[in-house]
Structure formats: structure tokens, C-alpha cells
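Residue numbers (full-length UniProt numbering): 1 to 197.
For each residue, glycine too, the CB sits at the ideal point set by N, CA and C.
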């Protein structure tokens with residue numbers, strides 16, 4: 001079984017439209033969500049599927065990004081956001097319910113295997129899970145200048161991104177050449193010395 005890795009740099013913003021206690025529709029924009037950490041117990045890598053879970057960019061918020069691959073490329077196929085309106089950023093809401101929004105069947109943030117995806121921004125409209133989120137009507141994720149490299153050890157080189165390092169082969173080749181020259185010189189001088197006896 002192969003081991004694959006992923007790498008990402010994500011600056012995330014979230015737009016949430018909700019109904020407040022007075023039955024008025026309001027929206028809230030949460031920006032600069034880039035201080036999260038990888039949730040190791042929920043992140044995993046398989047042969048053709050990787051899941052990156054990021055937590056604590058706000059208390060109680062978890063973002064899951066699932067990448068799938070084909071024989072030549074990888075792409076973001078699923079996004080899931082678990083969130084709540086608890087904490088100092090949402091003083092006016094007073095809602096401690098855990099909400100969920102998802103988007104399946106994506107084919108975003110893709111690139112050839114072994115290559116990094118970079119773009120200026122990506123907006124994803126999420127489907128709100130209604131059983132857990134009656135007051136939330138819509139969620140949009142905005143990825144600002146995302147950089148993603150999934151399936152990093154897939155064995156396929158990106159022609160523009162690779163840098164060939166010939167240091168070790170050169171050192172070994174030069175050492176072998178010097179060794180051959182030394183053996184030939186010793187052989188020739190040793191033969192002459194042996195003939196004189």
C-alpha cells in the first residue's frame with residue numbers, strides 16, 4: 001500500500017444567511033479563517049481518496065475537504081462544514097446548535113497528479129442540512145488564493161514543478177572514474193615492476 005500526502009494553504013471566508021429570533025433574515029460574513037489546525041483523528045489518506053479535516057479556526061468549527069483522484073489528476077470532490085454561532089464573534093445570535101453545510105459532487109481545485117493547484121479564489125455554495133439548522137438558510141465558502149497539493153507521493157512528476165538534482169549521481173560517477181584510473185595505473189606499474197624481477 002502506498003503512502004500519499006497532501007499540503008494546503010487556505011484563507012477561508014464564510015457567508016451565512018440566517019433567520020434571527022425576530023424572524024428577520026440577516027447575513028454574517030466571517031473572514032480571515034486561516035488559523036486552523038489539522039484534525040489528525042479525522043484526516044486520512046487512501047489510494048484514491050484523501051480527507052483533510054481542519055478545526056479550531058473558530059471554536060467548534062470543523063472543515064472537511066475530500067480529494068479524489070483518477071489515473072492522471074486529483075480534484076476536490078466533497079466539502080463539509082460543521083459550525084455554530086457560539087462565541088464572541090456571534091454575540092447577537094445566542095445559538096449553540098451545531099449546524100452543518102455540505103457540497104457533494106464537486107470537481108474543483110483540481111490539478112495533474114504531482115502538481116500543485118493555485119487559483120485566485122473559489123466560491124462554493126453549500127447545502128444546509130435542515131435537520132440540524134432550521135435558522136440557517138444558506139452558506140457560502142470563499143477560498144481566497146487556495147494552494148493545494150493532494151496525493152503528493154503519487155509517483156507522477158509535474159514537468160514544470162520538478163527540479164532534477166544530479167548531485168549524488170555525479171559524485172558516484174566521478175568516484176567510480178577515479179577508482180578505475182587508480183586501478184589501471186596500479187596494474188600498469190605493478191606489471192612493469194613484476195617484469196623487472
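Assess, as a yes-or-no matter, whether the stretch 48-62 is touched by the stretch 172-180 under the definition of 3 or more beta carbon pairs within less than 8 angstroms. no
Is it right to say residue 199 is buried, meaning 16 or more other beta carbons lie within 10 angstroms of its own, or is it exposed? One cannot answer for residue 199 here, as it falls past the ends of the chain, which runs 1 to 197.
CB of residue 78 within 8 angstroms of CB of residue 61, strictly: no
By the 10 Å Cβ neighbour count, where 16 or more other Cβ atoms means buried, how is residue 185 classified, buried or exposed? exposed
Member of 12, 102 and 85 whose CA lies at the smallest distance from the CA of residue 66: 102
Measuring straight from C-alpha to C-alpha, what distance separates residue 98 and residue 169? 56 angstroms
Identify the residues that DSSP records as bridge partners of residue 69: which are they? 74
How would you call residue 154, buried or exposed, if buried means at least 16 neighbouring beta carbons within 10 angstroms? Only weak support is given to the placement of residue 154: the predicted model assigns it a pLDDT of 47, under 50, and the value that follows is read from those uncertain coordinates. Buried, because 16 or more other Cβ atoms sit within 10 Å of the Cβ of residue 154.
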